[in-house]
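Enquirer: Position 39 of the sequence shown, counting from 1, maps to 37 under my numbering, and the rest follow consecutively. Glycine is no exception: its CB is placed at the ideal position from the N, C-alpha and C atoms. I am attaching a structure below and will ask some questions about it afterwards.
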Amino acid sequence: MLIFSETFEHPTQVSKVRVNVYEEPPMPNPPGIDTPTTGGGYLVTEERIGTTKVIATLGFLDRKEDALARARRRADELKAQLYRPVLAAA
-1 MLIFSETFEH PTQVSKVRVN VYEEPPMPNP PGIDTPTTGG GYLVTEERIG
49 TTKVIATLGF LDRKEDALAR ARRRADELKA QLYRPVLAAA
């Protein structure tokens, strides 16, 4: 489930960049396995949207706060490269 998304655009480049955070629920254990195998977590991604869409994983973190902090760090890196947030359409 998507819990955070922010889109950026560059003044001289056509493509856009979107930073997302998804909550991944815990997966059920396979039959016969008693210990948890996947406890869920938060997936942080970056989408480069242009002629094609390229998705990169920025991390899979246990805590929501850590995932949101990673997304904010990437947003700051993009701003340092002159990317600006895209205002949401009304």
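Taking contact to mean 3 or more Cβ pairs, one atom from each stretch, closer than 8 Å, check whether the segment 43 to 62 and the segment 0 to 15 are in contact.
Expert: Because the criterion of three Cβ pairs below 8 Å is met, the segment 43 to 62 and the segment 0 to 15 touch.
Enquirer: With a Cβ-Cβ cutoff of 8 Å, do L2 and A69 count as a contact?
Expert: As a working mapping, residue 2 is identified with position 4 in the sequence shown. As a working mapping, residue 69 is identified with position 71 in the sequence shown. The sequence shown places Phe at residue 2, not Leu. Result yes, Cβ atoms of F2 and A69 sit closer than 8 Å.
Enquirer: For a test of the three-state rule: what should DSSP assign to R89, helix, strand or coil?
Expert: Nothing can be reported for residue 89, as the shown portion of the chain is limited to -1 through 88.
Enquirer: At what residues does the beta strand (DSSP E) containing S3 begin and finish?
Expert: As a working note, residue 3 is residue 5 in the sequence shown. Residues L0 to E7.
Enquirer: Relative to the C-alpha of L81, which candidate in G38, G30 and H8 has its C-alpha closest?
Expert: Reading the sequence shown from its first residue, position 83 is the one you call residue 81. It is worth fixing the name first, because residue 81 is Tyr in this sequence and not Leu. Y81 has its Cα closest to that of H8, out of G38, G30 and H8.
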